[in-house]
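Trainee:
In this note's numbering, the protein residues as written are -4 to 120.
1. Less than 8 angstroms separating the beta-carbons of residue 65 and residue 8?
2. When burial is assigned at 16 or more other CB atoms within 10 Å of the CB, is residue 1 buried or exposed?
3. Quick check on residue 81: does DSSP put it in helix, strand or coil?
4. Measuring only the C-alpha atoms, how far is residue 86 from residue 72?
5. Starting from residue 76, follow its DSSP beta bridges and name the residues at the other end.
6. Between residue 105 and residue 97, what straight-line distance do the alpha-carbon atoms span, to the nearest angstrom?
7. Shortest alpha-carbon distance to residue 37 belongs to which of 16, 84, 80, 61?
8. Residues in the same chain with beta-carbon distance under 6 angstroms from residue 21, minus the five sequence neighbours each way, listed in chain order, please.
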């Protein structure tokens, strides 16, 4: 068994990225950190290393539990990486109208008010 695996290959094998080239691109862009340091795609990863991967504006913190060189099924991939990502705070829904949609109708305005949590006034009816 090998002692280390390329970081881009491991991220692809445990299904963090859909393709190995996407993992390589993320490493080049500086979105992957190994034990706090930015890494190149060819950097070796070992058991016990901590990876911080920035995906869609959020950091995922993964600890290497098993070295994989080939892509495996989701249940096996979950065993190879320990996810230590803290839970995200819920994001409030915001009503956004398309630009150029014009003035909202009475029904749309009521829906927007309901979404924003504003109570309807008694004199609206």
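For glycine and all other residues, C-beta sits at the position ideal for the given N, C-alpha and C.
Computed from a predicted structure; not experimentally measured.
Mentor: Taking the definition as stated:
1. Position 70 of the chain shown, counting from 1, holds the residue named residue 65. Position 13 of the chain shown, counting from 1, holds the residue named residue 8. The answer is yes: Cβ separation under 8 angstroms.
2. For this step, residue 1 is matched to residue 6 along the chain shown. It is buried - the Cβ of residue 1 has at least 16 other Cβ atoms within 10 Å.
3. On the chain shown, position 86 is the one that residue 81 refers to. The answer is coil: DSSP assigns residue 81 none of H, G, I, E or B.
4. Taking the first residue of the chain shown as 1, we reach residue 86 at position 91. Taking the first residue of the chain shown as 1, we reach residue 72 at position 77. Each residue's Cα considered, the two are about 29 angstroms apart.
5. Residue numbering aside, residue 76 sits at position 81 when the chain shown is read from its first letter. According to DSSP, residue 76 bridges with 59.
6. As a first step, residue 105 is located in the chain shown; it is residue number 110 there, counting from the start. As a first step, residue 97 is located in the chain shown; it is residue number 102 there, counting from the start. Whole-angstrom Cα-Cα distance: 16 angstroms.
7. Mapped onto the chain shown, residue 37 falls at position 42. Per the Cα distances, 16.
8. The count along the chain shown starts at 1 and reaches residue 21 at position 26. Same-chain partners within the cutoff: 27.
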